[in-house]
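Undergrad: Input: one structure, supplied below.
2 protein chains.
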Amino acid sequence: MGHGASKPRGPYAKGIAKREEILERALDVIAREGYRKASVKELAEAVGLSQAGLLHYFETKEELFAQILRKRDELALAALGADLAPIEDLRGACITVAQHNAEVPGLVELFVRLAVAATDPQHPARPFFLERGWAVRTLFARLLEKQQAAGGITDRLPPETLARILQAVSDGLQLQWLMERDFDMAATMDAVFDLLAAPGGPAPEQPPPDGDRLS
Amino acid sequence: MGHGASKPRGPYAKGIAKREEILERALDVIAREGYRKASVKELAEAVGLSQAGLLHYFETKEELFAQILRKRDELALAALGADLAPIEDLRGACITVAQHNAEVPGLVELFVRLAVAATDPQHPARPFFLERGWAVRTLFARLLEKQQAAGGITDRLPPETLARILQAVSDGLQLQWLMERDFDMAATMDAVFDLLAAPGGPAPEQPPPDGDRLS
DNA sequence: GTCTATATTGAGATAGAC
DNA sequence: GTCTATCTCAATATAGAC
Chain A
14 MGHGASKPRG PYAKGIAKRE EILERALDVI AREGYRKASV KELAEAVGLS
64 QAGLLHYFET KEELFAQILR KRDELALAAL GADLAPIEDL RGACITVAQH
114 NAEVPGLVEL FVRLAVAATD PQHPARPFFL ERGWAVRTLF ARLLEKQQAA
164 GGITDRLPPE TLARILQAVS DGLQLQWLME RDFDMAATMD AVFDLLAAPG
214 GPAPEQPPPD GDRLS
Chain B
14 MGHGASKPRG PYAKGIAKRE EILERALDVI AREGYRKASV KELAEAVGLS
64 QAGLLHYFET KEELFAQILR KRDELALAAL GADLAPIEDL RGACITVAQH
114 NAEVPGLVEL FVRLAVAATD PQHPARPFFL ERGWAVRTLF ARLLEKQQAA
164 GGITDRLPPE TLARILQAVS DGLQLQWLME RDFDMAATMD AVFDLLAAPG
214 GPAPEQPPPD GDRLS
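Following this line, the structure appears as structure tokens:
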């Protein structure tokens, strides 16, 4: 089932496959059990290897974690169905992501912790986060710009600024939520989009359903 | 100069004074040199003590750092002149704080790193951050509510939600800025307040200066 | 109160057998 | 490829002299 057609006879084909499998399992474990026990040793045992066995696949601890996050983004994007069909509804996408996040606190923790650590110029995961931040903001800005043109979003501020703010809210809410799970991240993100809405002419598509909003 | 009137003959008066002095110096060092070298040992040397000497005043490392942040808030509040005269202009205050932060990257780093670490239920600084978050949002909400009543700020969302969002943006921007110092935190905070502005009737005080905004 | 010196711990990395 | 065992290192915490 699924060896595909072409021989997997590339140099490290097997090793790579195993690597990916490890990453997925690690994600699973972290999502459920939290980032707490995330020393290399604990993670190794969780995926059924010894510490040394795991480090056979990833030279260093930091590299391992960076790869875990890369994998996470890969899966998240896939889950959004964004692989082929590009995202259209930014608001919906953000809310979906927020809802999903609320179900995997361990991953949120991993993300935030690593994001902060990667702040250090020396940190191995820094390139990943730089690139990721840029990609996220660029995507946001592109979508926002489109909606500004359509009149659904305020054009009092340039899309790049709005994109940056949006990213900041998202990160900041995750931090708040890790601290105290006493609010609804998705609902709050929803509220943020209310703030972005153009004052005069609201949505071009759906006339405001007026009344029941979450939160 | 300033021994005050009453004898400092409290039990630990001297020790306490020294503690405060250490904290202020530590803040100074971190603000300039960054959080990088912030092991107890490095900090100790920076303030002119040995590691053991410093730990004579603070039982544990984490307690030391929590106290450093407490001191920082104390000084920041004082700098805002908030001690006696309560803050009136939230927008101005946020921008001032952001501008100040941009001048002490080391402190921003300390704050963000500790905020994330304090997420852990076991972390000694957790009570501090819980309390602080609550205080910040409560203050924000109170001020926002007042401005909503005056018509300067949109009332499409409850002040508590706006307060939470504001805190999130602030934290998130600091994280972004630690990663890459390629934008102006204060200007971006300013933009956020544009988003909060009521659509119909803008500011009750100043008619929109229209045109030159930072960023 | 402050130092020097040391104990302790915990983690990541490495060597070498299987 | 994977394990066991060991090395190294860094950092906090502690003991005890001055």
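Going down the list, the protein sequences come from chains A and B.
Each residue of the first sequence is one higher than the one before, counting from 14 in this note's numbering.
Each residue of the second sequence is one higher than the one before, counting from 14 in this note's numbering.
Backbone N, C-alpha and C fix where the C-beta goes; we use that ideal spot for every residue, glycine too.
1. Suppose the cutoff is 8 Å on Cβ atoms and the five residues either side in sequence are ignored; what does the same chain contact list for Arg177 of chain B look like?
2. Extract the residue ranges of the beta strand (DSSP E) inside the stretch 122–153 of chain A, only unbroken runs of 3 or more that lie entirely within it.
3. Can you pull the chain B residues whose beta carbon is under 8 Å from the beta carbon of Asp207 of chain A, in chain order?
4. Comparing alpha-carbon positions, which option in A:Leu103, A:Met198, A:Glu75 lies nearest Pro140 of chain A?
5. In whole angstroms, give me the CA-to-CA distance for Arg83 of chain B and Ala199 of chain B.
6. List the residues of chain A whose Cβ lies closer than 8 Å to the Cβ of Gln180 of chain B, in chain order.
7. Quick one: give me the first and last residue of the alpha helix (DSSP H) that Phe78 of chain B is part of.
8. For Glu33 of chain A, I'd like the list of residues in its chain whose CB is within less than 7 Å of its CB, leaving aside the five on either flank, ordered along the chain.
9. Taking the alpha-carbon of Gln187 of chain A as reference, which of A:Ala115, A:Asp102, A:Arg104 has the nearest alpha-carbon?
10. Could you check whether the Cβ of Val125 of chain A sits closer than 8 Å to any Cβ belonging to chain B?
11. Please check if any C-beta of chain A sits within less than 8 Å of the C-beta of Ala111 of chain B.
12. Quick one: measure Cβ to Cβ for Ile81 of chain B and Leu36 of chain B, integer angstroms, because I've assumed they're closer than 8 Å.
13. In or out: Arg49 of chain B buried (at least 16 other Cβ within 10 Å) or exposed?
14. Can you give me the start and stop residues for the alpha helix (DSSP H) that Ala39 of chain A sits inside?
15. Counting only beta-carbon separations shorter than 8 Å, does Thr151 of chain B have a partner in chain A?
16. What's the call for Glu101 of chain B, buried or exposed, on a 16-neighbour Cβ count within 10 Å?
17. Pop quiz: Gly165 of chain A and Ala211 of chain A are said to be a contact at Cβ under 8 Å. What is the actual Cβ separation, rounded to whole angstroms?
18. How big is the Cα-Cα spacing for Ile29 of chain B and Leu88 of chain B?
19. For the putative contact between Leu157 of chain B and Pro172 of chain B, defined by C-beta atoms under 8 Å, what is the C-beta separation to the nearest angstrom?
20. Would you say the stretch 38–56 of chain A touches the stretch 116–126 of chain A, given that touching needs at least three Cβ pairs under 8 Å?
21. Closest to Leu62 of chain A by C-alpha separation, out of A:Arg85, A:Arg38, A:Phe78, A:Ala79, would be which residue?
22. DSSP three-state call for Leu208 of chain A: helix, strand or coil?
23. By the three-class DSSP mapping on this structure, what secondary structure does Ile166 of chain A have?
24. Our contact map puts Val129 of chain B next to Val125 of chain A with C-beta atoms below 8 Å; I'd like the distance itself, whole angstroms only.
25. Is the shortest distance between the beta-carbon of Gly146 of chain A and the beta-carbons of chain B less than 8 Å?
26. Give a yes or no on whether 8 Å exceeds the smallest Cβ distance from Phe141 of chain B to chain A.
TA: The short version:
1. Closer than 8 Å at the Cβ level, and outside the excluded window around Arg177 of chain B, lie Arg150.
2. Secondary structure in the stretch 122–153 of chain A: no beta strand (DSSP E) run of 3 residues or longer lies completely within the stretch.
3. Arg169, Leu170
4. A:Glu75
5. 23 Å
6. Gly185, Gln189
7. 74–92
8. Hits under 7 Å: none found.
9. A:Ala115
10. yes
11. no
12. 6 Å
13. It counts as exposed.
14. 26–46
15. False, the Cβ-Cβ gap to chain A never drops below 8 Å.
16. exposed
17. 6 Å
18. 17 Å
19. 4 Å
20. yes
21. Per the Cα distances, A:Arg38.
22. In this structure, Leu208 of chain A counts as helix in the three-state DSSP scheme.
23. strand
24. Between Val125 of chain A and Val129 of chain B the Cβ distance is about 6 Å, and since that is below 8 Å, they are a contact.
25. yes
26. no
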